[in-house]
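Taking our numbering, I'd label the letters of the sequence shown as residues 1071 to 1163. Data block below; observations after.
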Amino acid sequence: MDLDKETIERISKLSPEERNQVEERVKNEMLRQVFQELVQTISEKCFLKCITKPGSSLTSGEQTCLAKCMDRYLDAMGIVSKTLIERSSRNSN
1071 MDLDKETIER ISKLSPEERN QVEERVKNEM LRQVFQELVQ TISEKCFLKC
1121 ITKPGSSLTS GEQTCLAKCM DRYLDAMGIV SKTLIERSSR NSN
């Protein structure tokens, strides 16, 4: 992310409290985007895996498949995230 001189100047004039507020907003926006991407990815992958033919409603088998697929995907993401955090903290020590 490249910031122009005007933006850098404006940031430098912010009080510490204002900087913290801006930083918090940016973090929240990034988390929201990551969450949206995760939901989109899970939806696409699980839909392709579980929905084999079009219909007016989901069968009970499709519903079960979607639920299990989403659970497995979220579990895997949790394990990967935990591992990355552990490695990051080990490397910073």
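Note that the Cβ used here is the ideal one computed from N, Cα and C, for glycine as well.
Test: residue i CB closer than 8 Å to a CB of chain B
i, result
"Thr-1129", "Included in the structure is just one protein chain, with no chain B present."
Pairwise C-alpha distance: residue j and residue i
i, j, result
"Arg-1080", "Lys-1123", "55 Å"
"Ser-1159", "Leu-1101", "20 Å"
"Ser-1130", "Lys-1115", "18 Å"
"Leu-1128", "Thr-1111", "20 Å"
"Arg-1142", "Gln-1106", "18 Å"
"Leu-1073", "Ser-1162", "28 Å"
"Glu-1170", "Ile-1149", "The structure shown has nothing for residue 1170, since the chain only spans 1071 to 1163."
"Pro-1054", "Glu-1094", "What the structure shows of the chain is the stretch from 1071 to 1163, and residue 1054 is not part of that stretch, so it cannot be assessed."
For residue i, the three-state DSSP class (helix, strand or coil)
i, result
"Ser-1158", "helix"
"Leu-1073", "coil"
"Leu-1128", "coil"
"Lys-1083", "coil"
"Lys-1152", "helix"
First through last residue of the alpha helix (DSSP H) which encompasses residue i
i, result
"Ser-1044", "Lying before the first or after the last residue shown, residue 1044 is absent from the chain, which here runs from 1071 to 1163."
Proximity of residue i and residue j at Cβ, strictly below 8 Å
i, j, result
"Leu-1084", "Val-1092", "yes"
Candidates the options, of which the one nearest residue i by Cα
i, options, result
"Thr-1134", "Ile-1121, Glu-1088, Lys-1152", "Ile-1121"
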